[in-house]
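Printed below as a string of structure tokens:
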């Protein structure tokens with residue numbers, strides 16, 4: 001079955017630095033990936049998504065990179081701010097999976113220090 | 001800008017009691033989902049619905065029932081609560097099943113004593 005995981009459970013960065021959060025997946029049929037941000041006491045909030053026909057996608061201060069060869073996904077946050085402190089999840093779905101189900105990683109806790 | 005609204009936000013139950021969690025979305029989404037989130041386990045799918053009047057089992061359906069009588073509402077029921085059902089429950093919805101993000105509510109924190 002599909003599995004989505006994260007290399008590091010926690011990440012601490014200084015305000016203004018760039019952050020990189022990583023995610024690995026194992027299903028070569030995975031073709032759609034999403035990054036979510038979850039603040040304490042809130043639900044997951046959509047940040048950015050990418051399809052497998054792309055290697056890179058940029059949003060406001062965020063970039064997602066997809067390396068299908070090694071089944072690796074990363075989220076880069078530029079000029080990290082204290083408001084970026086949260087848990088970040090990656091999620092993926094695969095061609096042919098029921099309902100296009102999303103499978104979630106366990107999350108990385110990002111802490112931004114002033 | 002309501003999006004996905006869950007009620008209640010918090011609840012404490014005794015073992016064996018029943019309750020219903022309500023999810024409402026105002027985005028005209030066809031697909032709706034119930035997840036539970038436990039420490040170290042990530043989000044696990046309980047039940048889902050592909051449209052009004054339809055429901056289906058997810059990854060961890062035992063002990064839960066659902067109903068989707070109206071397109072905008074998705075109810076999650078616990079008939080006889082057990083301590084193992086202590087968790088944070090999230091509802092989500094999406095426009096279609098493939099290639100679209102799911103949008104989440106802020107959760108219901110449920111404790112079973």
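Chains as they are written, first to last, in the numbering used here: chain A, 1 to 114; chain B, 1 to 113.
Even glycine gets a Cβ: it sits at the ideal position worked out from N, Cα and C.
The model shown is predicted, which means the values in this text are computed figures rather than measured ones.
Beta-carbon neighbours of residue i, restricted to chain A and to distances below 7 Å
| i | result |
| --- | --- |
| residue 102 of chain B | 102 |
| residue 38 of chain B | By Cβ distance, chain A contributes nothing, its closest Cβ being about 10 Å from residue 38 of chain B, past 7 Å. |
| residue 45 of chain B | 101 |
Three-state secondary structure (DSSP) of residue i
| i | result |
| --- | --- |
| residue 42 of chain B | strand |
| residue 85 of chain B | helix |
| residue 49 of chain A | strand |
| residue 31 of chain A | strand |
Continuous beta strand (DSSP E) stretch holding residue i: start and end
| i | result |
| --- | --- |
| residue 102 of chain B | Careful: residue 102 of chain B lies outside any beta strand (DSSP E) and carries neither H nor E. |
| residue 77 of chain B | 73 to 78 |
| residue 18 of chain B | Taken as a continuous stretch (DSSP letters only), residue 18 of chain B belongs to no beta strand (DSSP E), as it is neither H nor E. |
| residue 72 of chain A | 72 to 77 |
| residue 110 of chain A | 108 to 113 |
| residue 86 of chain A | 86 to 94 |
| residue 56 of chain A | 56 to 58 |
| residue 22 of chain A | 19 to 25 |
| residue 28 of chain B | No beta strand (DSSP E) contains residue 28 of chain B, which DSSP labels as neither H nor E. |
| residue 50 of chain B | From DSSP, residue 50 of chain B is part of no beta strand (DSSP E); its letter is neither H nor E. |
| residue 6 of chain B | 4 to 7 |
| residue 111 of chain B | 108 to 112 |
| residue 64 of chain B | 64 to 67 |
| residue 63 of chain A | 62 to 67 |
| residue 12 of chain A | 10 to 14 |
Whole-angstrom C-beta distance between residue j and residue i, which should lie under 8 Å
| i | j | result |
| --- | --- | --- |
| residue 86 of chain B | residue 6 of chain B | Contact flag wrong, Cβ pair sits at about 17 Å. |
| residue 82 of chain B | residue 112 of chain B | 6 Å |
| residue 86 of chain A | residue 61 of chain A | The pair is not a contact, with the Cβ atoms about 14 Å apart (cut-off 8 Å). |
| residue 30 of chain B | residue 98 of chain B | At roughly 12 Å, the Cβ-Cβ gap does not stay under 8 Å, so residue 30 of chain B and residue 98 of chain B are not in contact. |
| residue 64 of chain B | residue 56 of chain B | Their Cβ separation, rounded to whole angstroms, is 12 Å, which puts residue 64 of chain B and residue 56 of chain B out of contact at 8 Å. |
| residue 39 of chain A | residue 112 of chain A | So it is not a contact: roughly 12 Å between Cβ atoms. |
Buried versus exposed call for residue i [16 or more other C-beta atoms within 10 Å across all chains shown]
| i | result |
| --- | --- |
| residue 3 of chain A | With a pLDDT of 44 at residue 3 of chain A, under the threshold of 50, the modelled position of that residue is not reliable, and the figure given next carries that caveat. It counts as exposed. |
| residue 34 of chain A | buried |
| residue 23 of chain B | buried |
| residue 41 of chain A | exposed |
| residue 51 of chain A | exposed |
| residue 104 of chain B | buried |
| residue 146 of chain A | One cannot answer for residue 146 of chain A here, as it falls past the ends of chain A, which runs 1 to 114. |
| residue 27 of chain B | exposed |
| residue 29 of chain A | exposed |
| residue 79 of chain B | exposed |
| residue 154 of chain B | A question about residue 154 of chain B goes unanswered here, because the residues of chain B that appear run from 1 up to 113. |
| residue 41 of chain B | exposed |
| residue 84 of chain B | exposed |
| residue 18 of chain B | exposed |
Neighbouring residues, chain B, relative to residue i (Cβ below 8 Å)
| i | result |
| --- | --- |
| residue 32 of chain A | 98, 99 |
| residue 107 of chain A | 42 |
Listed by chain order, chain B residues near residue i by CB distance under 9 Å
| i | result |
| --- | --- |
| residue 42 of chain A | 104, 106, 107 |
Residue-chain proximity (residue i, chain D), Cβ-Cβ < 8 Å
| i | result |
| --- | --- |
| residue 51 of chain A | In the structure shown, chain D cannot be found, because the protein chains are A and B. |
Closer than 9 Å at the beta carbon, the chain A residues around residue i
| i | result |
| --- | --- |
| residue 90 of chain B | 43, 44 |
| residue 69 of chain B | Going along chain A, no residue has its Cβ under 9 Å from residue 69 of chain B, so there is no contact; the nearest lies around 20 Å. |
Cβ-heavy atom distance, residue i to the ligand FAD, below 7 Å
| i | result |
| --- | --- |
| residue 50 of chain A | Absence of the ligand FAD from the depicted structure is noted, as is the absence of any ligand whatsoever, leaving it without description. |
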